[in-house]
Amino acid sequence: MHVELARALAPVLHDLETTGGPVPRVDDEDWTAQGQVASAMLWSPDDGGTGIWVHLGDSRALQVAHVADQVQEWAVEELWGSRPTNWPPCPHHPTTHPLTTEVRDDAAWWCCPKDGTAVAVVGTLR
4 MHVELARALA PVLHDLETTG GPVPRVDDED WTAQGQVASA MLWSPDDGGT GIWVHLGDSR
64 ALQVAHVADQ VQEWAVEELW GSRPTNWPPC PHHPTTHPLT TEVRDDAAWW CCPKDGTAVA
124 VVGTLR
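For the numbering used here, add 3 to where a residue sits in the sequence shown, where the first one is 1.
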């Protein structure tokens with residue numbers, strides 16, 4: 004896996020693991036075959052796959068936020084029908100919506116989409 008994609012994915016996988024979210028199998032499969040894009044596949048236990056990617060050369064914060072958005076979409080699909088799908092749940096509104104990502108101060112943050120509160124840097128959820 005390209006180092007930029009691996010660095011962007013690691014904090015998101017950490018957040019999945021520490022919050023009890025579903026954790027995918029990750030395959031180093033460059034499905035985009037584009038020069039300025041690194042890609043890989045996320046696989047669920049039922050062998051459903053989703054591609055993730057980053058633009059090479061973007062800031063690390065932007066890459067982490069972009070990958071977090073893609074992994075979040077995968078996690079919501081995985082949780083559908085078995086558990087609440089608001090991963091990661093907003094601590095201010097835990098039954099209504101998940102956190103979203105924003106880049107602030109050169110870091111990717113999980114933020115409340117309703118009030119804009121920055122909750123945690125991506126990769127630091129507990």
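C-beta atoms are modelled at their ideal positions from N, C-alpha and C, and glycine is treated no differently.
This one's a predicted model, so the numbers in the text were calculated from it and none came from an experiment.
Quick check on the burial criterion: 16 or more other C-beta atoms within 10 angstroms. Buried or exposed for residue i?
i, result
"residue 69", "buried"
"residue 36", "exposed"
"residue 32", "exposed"
"residue 13", "exposed"
"residue 83", "exposed"
"residue 39", "exposed"
"residue 74", "buried"
"residue 119", "exposed"
In this structure, does DSSP put residue i in helix, strand or coil?
i, result
"residue 36", "coil"
"residue 128", "coil"
"residue 67", "helix"
"residue 29", "strand"
"residue 45", "strand"
Provide the residue span of the beta strand (DSSP E) that contains residue i, from first to last.
i, result
"residue 103", "103-107"
"residue 86", "Note, residue 86: premise wrong, no beta strand (DSSP E); not H, not E."
For the alpha helix (DSSP H) containing residue i, name the first residue and the last one.
i, result
"residue 21", "6-21"
Name, in chain order, the residues that DSSP records as bridge partners for residue i.
i, result
"residue 57", "41"
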